[in-house]
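S.K.:
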Amino acid sequence: MHPIAQKIQEKFPEAFVEAVEALGELSVSVKREKIVDVCRFLHDDPELSFDMITDICSVDFPNEEPRFEMIYQFYSIDHNRRIRIKARVPEEDCTIDTITGIWQGANFLEREVYDMMGIVFNNHPDLRRILMTEDYDEGFPLRKDFPVEGKGWRDTFEFLNQ
Amino acid sequence: MEELEDKKVAFTPPAVTPYDDDDDFDQDLTSEKGAKRVEDMLLNMGPQHPSTHGVLRIVLELEGETIVKATPHLGYLHRGVEKLAENSTYPQIIPLTDRLDYVCAMTNNYAFVRTVEKLLQVQVPERAEYIRTIVAEVQRIAGHLFWLGTQALDIGAMTVFFYTFREREVLLDLFELICGARLTMSYYRVGGVDRDFTPEIIDRLYKFLETFPEKITEYNTLLENNRIWIARTKGIALISAEDAINFGLTGPPLRGSGVNYDIRKAEPYGVYDKVEWEVPLGKNGDTYDRYWIRVEEMRQSAKIVKQCLDRLPQGPIMANLPTITYPPRDKVLTDMESLIHHFMIATRGFDVPEGEVYCGTEAPKGELGFYIRSMGGNKPYRMRIRPPSFIHMGAFEHMAKGYMIADIVTIFGTYDIVMGECDR
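So the protein sequences, as listed, match chains R and S.
Take the first sequence: its letter number 89 is residue 89 in this note's numbering, and every next letter is one higher.
Take the second sequence: its letter number 58 is residue 58 in this note's numbering, and every next letter is one higher.
1) Whose C-alpha, out of R:138, R:142 and R:6, is nearest the C-alpha of residue 155 of chain R?
2) Taking 8 Å as the CB-CB limit, is residue 66 of chain R close to chain S?
3) Among the residues of its own chain, which have a CB less than 8 Å from the CB of residue 155 of chain S, if the five just before and after it don't count?
4) How big is the Cα-Cα spacing for residue 84 of chain R and residue 29 of chain R?
5) With H, G and I counted as helix, E and B as strand and the rest as coil, what does DSSP make of residue 215 of chain S?
6) Cβ of residue 91 of chain S versus every heavy atom of the ligand FAD: is any distance shorter than 7 Å?
7) Could you spell out the range, first to last residue, of the alpha helix (DSSP H) harbouring residue 107 of chain R?
8) Just to make sure I have the definition right: I need the residues of chain S whose C-beta is within less than 7 Å of the C-beta of residue 53 of chain R. Which are they?
9) Would you list the residues sitting across from residue 75 of chain R in a DSSP beta bridge?
10) Could you tell me which residues DSSP pairs with residue 88 of chain R in its beta bridges?
11) Compute the Euclidean distance between the alpha carbons of residue 405 of chain S and residue 399 of chain S, then round it to the nearest angstrom.
12) Determine the chain S residues that contact residue 80 of chain R at a beta-carbon separation under 8 Å, and present them in chain order.
13) May I ask which residues mark the beginning and end of the alpha helix (DSSP H) holding residue 301 of chain S?
14) Excluding the 5 residues flanking residue 118 of chain S on each side, which residues of the same chain have their C-beta closer than 7 Å to its C-beta?
15) Locate the beta strand (DSSP E) running through residue 375 of chain S, then write down its first and last residues.
16) Note down the Cα distance separating residue 179 of chain S from residue 40 of chain S, rounded to an integer number of angstroms.
17) With 8 Å as the limit, tell me which residues of the region 385 to 409 of chain S have their beta carbon closer than that to any beta carbon of chain R; keep them in chain order.
18) Just to confirm the assignment: which complete alpha helix (DSSP H) runs, minimum length 4, are found wholly within the region 383 to 421 of chain S?
19) So the alpha helix (DSSP H) residue 155 of chain S belongs to, where does it begin and stop?
20) Can you list the residues of chain S that residue 22 of chain R reaches, using a CB-CB cut of under 7 Å?
21) How would you write the range of the beta strand (DSSP E) that residue 43 of chain S sits in, first residue to last?
22) Taking the straight line between their C-alpha atoms, what separation do you get for residue 87 of chain R and residue 64 of chain R?
23) Mind checking if residue 92 of chain R is an interface residue toward chain S, Cβ cutoff 8 Å exclusive?
24) Count Cβ pairs between the region 167 to 181 of chain S and the region 255 to 263 of chain S that sit closer than 8 Å; are there 3 or more?
25) Specify the secondary structure class of residue 183 of chain S as computed by DSSP and reduced to three states.
26) Hey, how far is the Cα of residue 275 of chain S from the Cα of residue 191 of chain S?
27) Within 10 angstroms of the Cβ of residue 33 of chain R, are there 16 or more other Cβ atoms? Answer buried if so, exposed if not.
28) Counting pairs of beta carbons, one from the region 50 to 59 of chain R and one from the region 108 to 126 of chain R, are three or more of them closer than 8 Å?
29) Using three-state DSSP, classify residue 246 of chain S as helix, strand or coil.
30) Using a Cβ-Cβ distance cut-off of 8 Å, determine whether residue 3 of chain R contacts chain S.
31) Return the chain-ordered list of same chain residues with a C-beta closer than 7 Å to the C-beta of residue 20 of chain R, the five sequence neighbours on each side being excluded.
32) Would you say the region 382 to 393 of chain S touches the region 79 to 88 of chain S, given that touching needs at least three Cβ pairs under 8 Å?
33) Check the Cβ-Cβ distances between residue 118 of chain S and every residue of chain R, and say whether any is below 8 Å.
34) If you draw a straight line from the alpha carbon of residue 351 of chain S to that of residue 345 of chain S, how long is it in whole angstroms?
35) Closer than 9 Å, Cβ to any Cβ of chain S: which residues of the region 122 to 136 of chain R, in chain order?
36) Determine the extent of the beta strand (DSSP E) in which residue 198 of chain S is found, giving its start and end residues.
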């Protein structure tokens, strides 16, 4: 196993799910309850020091349980290393803790995930829609059950079947 | 490389005063405290403000002329590129990426095809790598020229705009010669590039590089010692190195604070590790340093292009992988089988193995990353774009606090923001 994954497993044996190394990239899956602790460890530990947030996004798997997957990408400037952290979020309780307390840059990225996928971030300072209008109520566009052409009055349009 | 020198100006940045809610705020005019009434002012800026470089709305909370709170409202240019990409084949996504950062379309193409190539583990021929690097650096020069012109225009120095756009026009003409378009290029292909360089293109590039360093000096004479320019950029939009990293800033906004992070050096791609160049770094993390970095980056880019042109090898411009790459263009026009082959790739695309990949590329604005999750098949299951402009906007409020209204245009100009990329 990759030494970083090993370190995470030793520190959080109950939260660690799996570690995959593919195409030179390391991704570590953890349980969503421990996401803040894992992230804080990655950020604060001097040997890891993943001090820069690169990205937060989410993927929808409608036929799997739990349905959503959160994907965090971090980068360490000191060590020139990247890591990807994943956490599964179920549909019934579509929430995960925010990491804005660790990286301020997570604020906008988490708002976008909420806007596009409908995952709610606990303790987020300002959880509003960001790209769609604030009163948009036709659902969450990046979910797989949302049609590409949109919802609402567009439903009355006639589309050619592809 | 020239040293960044500290300009002396009789200007100190305004101190950031914490806003106190309980500060004698009295709505009741008849109270004992008298008729003094303090009121917050809300000012709506945009979405149709000429210097927002797109459509961006900012709600400012003001105390006098000082900004207490600035809330950006994004999404006016949201076109759902990520959703569209889930329903398009990989070759069809390349034109979509043109429309992200429409000022630097070539770099977007590059970032996307590099990600797909990483997933497919495709080796690109050497000549194609050189051409890609040259074109990406020429695009960086064009992007920075655009930034310099518009930033100076926003601040009030109109002349610079005409000078930089004169050179940008030369480069756009060159792009037209290379790929037939001036803004939405779609020049890069998975496995190589669309067309080869002709001798005319190389000649014109050499000719441009001959005079370009003098042109940069020319812009600098207009700005470097300009009192207004210095007063309006020095000490404006300050951000410390720790904060810049914490917010995830990349590109010139991060390097302006002195953090040495450039993907072209950290994770070299193309032929950046085969040529000599340096990463310019700022000291103070203000708008002036970012200006200096962009100007210096143009010099470095010109250096890279020059070295690449000198060493440009002969050879194919497309990897020889018939299931993925297009057949040579001259064959498509004469050979039936090649035409069918071209048609198949253009309409059906190609299959990509299951897997996931993140790949960051140094765009003129910062780190432009693509994350692709593939379940096999010819369409991505999920494509995520990491737009530098969007992440830079996340730090906007932090950087705008305590400055004057007039500085707002400087502050979002300093990111080199393009809303097409920010909203996707």
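We put the CB at the ideal spot given by N, CA and C, even for glycine.
Being a predicted model, the structure only gives us computed values, none of them experimental.
M.R.: For this structure:
1) R:138
2) Chain S, which has no Cβ nearer than 8 Å to the Cβ of residue 66 of chain R, makes this no.
3) 228, 229, 232, 233, 409, 410 and 413
4) 8 Å
5) helix
6) In terms of ligand content, the structure shown is empty, and the ligand FAD therefore cannot be addressed.
7) 106 to 117
8) 248
9) R:52 and R:82
10) When beta bridges are read from the DSSP output, residue 88 of chain R appears opposite R:69.
11) 13 Å
12) 266 and 267
13) 287 to 311
14) Cβ within range, chain order: 357 and 359.
15) It is not in any beta strand (DSSP E) - residue 375 of chain S carries neither H nor E in the DSSP assignment.
16) 53 Å
17) 386, 390, 391, 393, 394, 395 and 398
18) The qualifying runs are 388 to 394, 396 to 400 and 408 to 413.
19) 126 to 155
20) 355
21) Where residue 43 of chain S is concerned, the enclosing beta strand (DSSP E) stretches over 41 to 45.
22) 14 Å
23) So, not an interface residue.
24) no
25) coil
26) 22 Å
27) exposed
28) yes
29) helix
30) no
31) 27
32) yes
33) By this cut-off, residue 118 of chain S is an interface position.
34) Annotation: residue 351 of chain S to residue 345 of chain S spans about 10 Å, alpha carbon to alpha carbon.
35) 126, 129, 130, 131, 132, 133 and 134
36) Unbroken run through residue 198 of chain S: none, as it is neither H nor E.
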